[in-house]
Amino acid sequence: MKKVGTLQTIFRHPVKGMRGEELASSTVDEFGLYGDRAYYFLDNARQGKYLSADVVPALIGYHASMSEGTGKEAYPPIRIEARDGSVHTWDDTFFAHVAETAKRSITPMISSPQEGGVNWEDHILLVTDASLREIARQIGAEQVDPRRFRGNLVVVLEDDEPFAEDKWLGKQIKINDVTLQVNKHCERCVYVNIDPETLAMTPAVLKACVKRHNNHFGVYASVVTAGSVSQGDDVFLVEMGVTGYDS
Numbered sequence: 312m313k314k315v316g317t318l319q320t321i322f323r324h325p326v327k328g329m330r331g332e333e334l335a336s337s338t339v340d341e342f343g344l345y346g347d348r349a350y351y352f353l354d355n356a357r358q359g360k361y362l363s364a365d366v367v368p369a370l371i372g373y374h375a376s377m378s379e380g381t382g383k384e385a386y387p388p389i390r391i392e393a394r395d396g397s398v399h400t401w402d403d404t405f406f407a408h409v410a411e412t413a414k415r416s417i418t419p420m421i422s423s424p425q426e427g428g429v430n431w432e433d434h435i436l437l438v439t440d441a442s443l444r445e446i447a448r449q450i451g452a453e454q455v456d457p458r459r460f461r462g463n464l465v466v467v468l469e470d471d472e473p474f475a476e477d478k479w480l481g482k483q484i485k486i487n488d489v490t491l492q493v494n495k496h497c498e499r500c501v502y503v504n505i506d507p508e509t510l511a512m513t514p515a516v517l518k519a520c521v522k523r524h525n526n527h528f529g530v531y532a533s534v535v536t537a538g539s540v541s542q543g544d545d546v547f548l549v550e551m552g553v554t555g556y557d558s
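Structure representation (structure tokens):
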């Protein structure tokens, strides 16, 4: 195995489409970070679609966090703080608040630990510090907030090479006792233009992803071996030899 970086930040998004929380450590089950995208809304104006911030950017104004626990039967309760300062639990008052914000009919849903949270693609999204700095450079900013990209794991690279995560595709990453199979790029949309603090739109961010990296940012991975990860963990690339053993 080759060390390629260090796990800097862990982000979990208890409610799909809303701002999430930073964790010092997290359980990783067969579906990804425990509790990630466990709660969600169906958008009744778009049959079969989730309510999402690319359609309703104001969703990012809600900040969701999940209580401690890793229950097998049901996910722990969540707390949501709205942009207007109101604090909610997952109840009818909150649903009405979101419906008013979204200006559309919605259906609240909760997944279960047996089926995992709802994701567009694979279980976990990884992004790197060097790639974040490259996008910042492209748009003439000092830095870019990693929360724009909705990643779960932010890795500080050993080699500080932008988009070095491309080299992980088709390979495995090991963090503590967790093994991930890196499968594909993450194709980007207007999500990345939304400032998670102010909700201001910066179209230059998506344009930079298109120009610099074919509209890709970050890589999706599926869970091979469950376990736990913590900030500060070493990140290893598993190099497989012709025999199938680590080289």
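Residue numbers (this note's numbering): 312 to 558.
Using N, Cα and C, we set each Cβ at its ideal position, and we do this for glycine too.
Bear in mind the structure is a predicted one, so any value in this text is a computation, not a measurement.
Mapping the DSSP letters down to three states, classify ASN355 as helix, strand or coil.
coil
Work out the CA separation of THR381 and SER541 for me, nearest whole Å.
16 Å
Nearest residue (CA-CA) to GLY529, options VAL535, LYS518, LEU517, GLY462:
GLY462
Three-state secondary structure (DSSP) of VAL409:
helix
How many angstroms separate the CA atom of PHE406 from the CA atom of ASP395?
15 Å
Mind pulling the beta strand (DSSP E) runs of 3 or more residues that sit fully within the stretch 435-488?
435-439, 464-468, 483-486
Span of the alpha helix (DSSP H) holding LEU362?
No alpha helix (DSSP H) contains LEU362, which DSSP labels as neither H nor E.
From ILE417, ASN487, TRP479, residue whose alpha carbon lies closest to that of ARG357:
ILE417
Excluding the five sequence neighbours on either side, which residues of its own chain have a C-beta within less than 6 Å of the C-beta of THR412, listed in chain order?
ALA369
What number of angstroms, rounded off, separates the C-alpha of TYR556 from the C-alpha of VAL493?
Only weak support is given to the placement of TYR556: the predicted model assigns it a pLDDT of 43, under 50, and the question is left unresolved by the model.
Continuous alpha helix (DSSP H) stretch holding ARG523: start and end:
514-524
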